[in-house]
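The sequence shown: position 274 = 267 (the numbering used here), numbered continuously. A virtual CB, placed ideally from N, CA and C, is assigned to each residue, including glycine. Bear in mind that the values here come from a model prediction, so they are computed numbers and not experimental data.
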Amino acid sequence: MRISLVIVSRDRADALASALNCLRFQTVTDFETIVVSNLPAPMGPAPAPLSHYDCQPANISLARNIGLARARGAIVVFCDDDCLPDPRFIERITAPFADPHIGAAGGMSRGTNGVAMQWQADAFGRDGRDRPLSIDLRKPWTVFAPEPDRFVKTVGTACAFRADALRAIGGFDEGFRYYFDETDVNLRLSEAGWSTAIVPAAQVHHAFAAGPHRDRRRMPTDMFEIGASAARFCRLHAPDAAAALGAQRRGLRNRVLNYHLLGLIGGQRLRFLLARLDEGIAHSQANFPPPPKPEPIPVPGPAISLPAPKPRLHFLLEGRRARMRPIASALAAAGHVVTLLDIRASARPLWAFFDDDGFWYHRGGVFGRIRRNEPLISLRTKPQYLAVELRRLALFRKVNYMISDKKPKQPAQILPELRTIAKIDSMTVLDLQSDNF
């Protein structure tokens, strides 16, 4: 086993079930999935092999270390339970580790609507504050060598590590129960001499499920652990810990105050969150367990032989959901990647999610936005809408065939993959593999 995927889950059985269902369509099949959760072992469609380990404390670093300790792979990939990985996510996030200098790799996250980018790339300093990070999104990945005062950030929604390197620095610091956990690991790996790769096309759809520290609107419900982790990070890594912590506290307070000014949280909740932030900071300053201090292993590390990906056909079905759903479900049951695109005569922006039957469902208005930097309304035809969406999809799951619910102008040669699917002979099948979309 060369790749281990660790998913930490807490009180989110439904989100975890969707993530495991989605993982069945990865182009890399030679990987193990390790779930670390406070709930019973998950049931339902999932990749194999799948193992489950219990973690009752609300400590994401502890849970990740439990997964790391049991991982058999030379590369350990981490993904949250409210994330839906694209079919080539594991293939792409692990590819940079063919370079023996790479200790970490970070992917990118799309937000709640499944379209807009939520996270792309950032660096940070020893004070924990983010710094701009320039990358070329057209490259498969960009490598950043270690620097003394600038570190590349990966986030838990989409990241991977060389297992030996991560274990050698002591894994995740369990003093970071929530927040700054990956940031601390990124810094310590860089100090140990490891480079970090940012992989633009290794993407996940991050659904932002509610959790112990935030609600479904991304509004914080408790700031204690955030304050405690910010204080710990500054005390461990900042040259001037007091100044760094003061800046962190001001930034976190301003964030909560902005939520209040926007009408997203009320005055009572505002006062509670600000009080909990300061309680967390005070707790961290009074309770400061030492960080892990093992001996790092030399860089570069041993070569890692990556598994060959399994090609999967991607079918784009264009039509109404009620009519196309049986075809989408049948193709997904056969192991194909399927996107059902339901275009309506409206100005509704494109919105996407992963259906329990194993396919992606995208719905939008022909005059609405696809990319979020477009105007609210665009005058275009359905073919023009399709062309834009096909180009966007090509960045992370290129379409091989398109099936339309329109009656074909002439009998089409039916692909072997489609012969057993009902009503397919009354639809149009287009081969897009040679088209320049």
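For D75 and A10, I'd like the C-alpha separation in whole angstroms.
Numbered from 1 along the sequence shown, position 82 holds the residue referred to as residue 75. Numbered from 1 along the sequence shown, position 17 holds the residue referred to as residue 10. Distance from the CA atom of D75 to the CA atom of A10, rounded to whole angstroms, is 9 Å.
Same chain only: Cβ atoms within 8 Å of G358, ignoring 5 sequence neighbours per side
As a first step, residue 358 is located in the sequence shown; it is residue number 365 there, counting from the start. Cβ neighbours of G358 beyond the five flanking positions: I336, R337, A338, S339, A340, R341 and P342.
Evaluate the contact criterion for the region 94 to 112 versus the region 192 to 202: three or more CB pairs, one atom per stretch, below 8 Å.
As far as the Cβ criterion goes, the region 94 to 112 touches the region 192 to 202, which means the pair count is three or higher.
My guess is that A236 and R228 are in contact by the Cβ rule of under 8 Å, so how many angstroms apart are they, rounded?
As a first step, residue 236 is located in the sequence shown; it is residue number 243 there, counting from the start. As a first step, residue 228 is located in the sequence shown; it is residue number 235 there, counting from the start. A236 to R228, Cβ: 12 Å. No contact.
Assuming L61 contacts V(-1) (C-beta within less than 8 Å), just tell me the rounded distance between them.
For the purposes of this step, residue 61 is identified with residue 68 of the sequence shown, where counting begins at 1. For the purposes of this step, residue -1 is identified with residue 6 of the sequence shown, where counting begins at 1. Their Cβ separation, rounded to whole angstroms, is 7 Å, which keeps L61 and V(-1) in contact under 8 Å.
With 16 other Cβ atoms within 10 Å as the buried cut-off, status of N429:
Sequence index remark: in the sequence shown, residue 429 carries index 436 (1-based). Confidence at N429 is low in this model, with a pLDDT of 40, below 50, so the placement of that residue is unreliable and no value is reported for it.
Have a look at L425, N366, R373 and R362 and flag the residue whose alpha-carbon is nearest the alpha-carbon of R493.
As displayed, the chain neither begins before -6 nor continues past 430, which places residue 493 out of reach and without an answer.
Based on the DSSP secondary-structure assignment, which residues constitute the bridge partners of V(-1)?
The count along the sequence shown starts at 1 and reaches residue -1 at position 6. Its beta-bridge partners are I27 and F71.
Cβ shell of T214 (< 7 Å), same chain only, five flanking positions each side left out:
Taking the sequence shown and counting its residues from 1, the one referred to as residue 214 is at position 221. Here the set comprises H206, R207 and D208.
Backbone secondary structure at C15 - three-state DSSP
Mapped onto the sequence shown, residue 15 falls at position 22. In this structure, DSSP gives C15 a helical state, which the three-state scheme calls helix.
Three-way DSSP call (helix, strand, coil) for N429 in this model:
The residue given as residue 429 occupies position 436 in the sequence shown. For N429, the pLDDT reaches just 40, beneath the cut-off of 50, and the residue's location in the model is therefore unreliable, although a value from the coordinates is still provided. Note: N429 maps to coil in three-state DSSP.
At the level of alpha carbons, what is the spacing between N393 and P38?
Position 400 of the sequence shown holds residue 393. Position 45 of the sequence shown holds residue 38. In a straight line, the C-alpha of N393 is about 25 Å away from that of P38.
Note the first and the last residue of the continuous alpha helix (DSSP H) segment covering R434.
The structure shown does not extend to residue 434, since the chain is modelled only from -6 to 430, so the question has no answer here.
Under a Cβ-count criterion, where at least 16 other Cβ atoms within 10 Å of its own Cβ denotes burial, should K146 be classed as buried or exposed?
The residue you call residue 146 lines up with position 153 of the sequence shown. So K146 counts as buried.
In the region 297 to 384, which residue ranges form an unbroken alpha helix (DSSP H) of at least 4 residues, counting only runs that do not cross its ends?
With a minimum length of 4 residues, the continuous alpha helix (DSSP H) runs that stay inside the region 297 to 384 are 314 to 326.
Proximal residues to L245 (C-beta, below 8 Å), its chain only, five neighbours per side dropped:
For this step, residue 245 is matched to residue 252 along the sequence shown. Around L245, the same chain offers M216, I219, G220, A223 and L270 as residues with beta carbons nearer than 8 Å, after the five sequence neighbours per side are excluded.
Which class does G104 belong to by DSSP, given the choice of helix, strand or coil?
Against the sequence shown, residue 104 aligns to sequence position 111. Here G104 sits in coil by DSSP.
Could you tell me whether any non-hydrogen atom of the ligand MN is closer than 7 Å to the CB of Y252?
The ligand MN is absent from the structure shown, which contains no ligands of any kind.
Give the straight-line distance between the Cα atoms of R3 and K399, rounded to the nearest whole angstrom.
Stepping through the sequence shown from its first residue, residue 3 is reached at position 10. Stepping through the sequence shown from its first residue, residue 399 is reached at position 406. Those two C-alpha atoms are separated by around 45 Å.
Using C-beta distances below 7 Å, list every residue in its chain close to R181, excluding the 5 sequence neighbours before and after it, in chain order.
The residue you call residue 181 lines up with position 188 of the sequence shown. Leaving aside the five residues that flank R181 on each side, the residues in its chain whose CB is nearer than 7 Å to its CB run, in chain order, I162.
Closest to A109 by C-alpha separation, out of H253, R365, R81 and L369, would be which residue?
Against the sequence shown, residue 109 aligns to sequence position 116. Ranking H253, R365, R81 and L369 by Cα distance to A109 puts R365 first.
On the DSSP letters alone, give me the boundaries of the alpha helix (DSSP H) that I59 sits inside.
Stepping through the sequence shown from its first residue, residue 59 is reached at position 66. Run containing I59: I53 to R63, per the alpha helix (DSSP H) assignment.
Assign P139 to buried or exposed, taking buried as 16 or more other Cβ atoms, counted over all protein chains shown, within 10 Å of its Cβ.
Indexing the sequence shown from 1 puts residue 139 at position 146. Flag for P139 reads buried.
Sequence ranges, beta strand (DSSP E) only - wholly within the region 188 to 243, length at least 3:
Within the region 188 to 243, the complete beta strand (DSSP E) segments at least 3 residues long are 188 to 199, listed from N- to C-terminus.
Minimum C-alpha distance to A387 - residue among L255, I53 and Q196
Taking the sequence shown and counting its residues from 1, one reaches residue 387 at position 394. Of all alpha-carbon atoms in L255, I53 and Q196, the one lying nearest the alpha-carbon of A387 is that of Q196.
What are the complete beta strand (DSSP E) segments, minimum 3 residues, inside the region 122 to 188?
Here the runs fully enclosed are 135 to 137, 144 to 146 and 152 to 155.
Going by the CB atoms, is the gap between R(-5) and A67 shorter than 8 Å?
As a first step, residue 67 is located in the sequence shown; it is residue number 74 there, counting from the start. As a first step, residue -5 is located in the sequence shown; it is residue number 2 there, counting from the start. In this structure, the beta-carbon distance from A67 to R(-5) falls below 8 Å.
Would you say R65 and S(-3) are within 8 Å of each other, going by their C-beta atoms?
The sequence position of residue 65 within the sequence shown is 72, counting from 1. The sequence position of residue -3 within the sequence shown is 4, counting from 1. Cβ atoms of R65 and S(-3): closer than 8 Å.
Evaluate contact between the region 152 to 162 and the region 345 to 354, counting only Cβ atoms and requiring at least three cross-stretch pairs below 8 Å.
They do not touch, by the three-pair rule.
Could you tell me the alpha carbon to alpha carbon distance between D73 and S298, rounded to whole angstroms?
For the purposes of this step, residue 73 is taken as the residue at position 80 of the sequence shown. For the purposes of this step, residue 298 is taken as the residue at position 305 of the sequence shown. Their Cα atoms are separated by approximately 26 Å.
On the criterion of 16 or more Cβ atoms from any shown chain inside 10 Å, does D166 qualify as buried, or is it exposed?
In the sequence shown, counting from the first residue as 1, residue 166 sits at position 173. With 16 or more other Cβ atoms within 10 Å, it is buried.
So, are the CB atoms of V331 and F347 less than 8 Å apart?
For the purposes of this step, residue 331 is taken as the residue at position 338 of the sequence shown. For the purposes of this step, residue 347 is taken as the residue at position 354 of the sequence shown. Cβ atoms of V331 and F347: not closer than 8 Å.
Mapping the DSSP letters down to three states, classify L43 as helix, strand or coil.
Here the question's residue 43 lines up with position 50 in the sequence shown. L43 falls in the strand class under three-state DSSP.
With a threshold of 16 other CB atoms inside 10 Å of the CB of S281, please say whether the residue is buried or exposed.
Sequence index remark: in the sequence shown, residue 281 carries index 288 (1-based). According to the sequence shown, residue 281 is Phe rather than Ser. Residue burial annotation: F281 is exposed, with fewer than 16 other C-beta atoms found within 10 angstroms of its C-beta.
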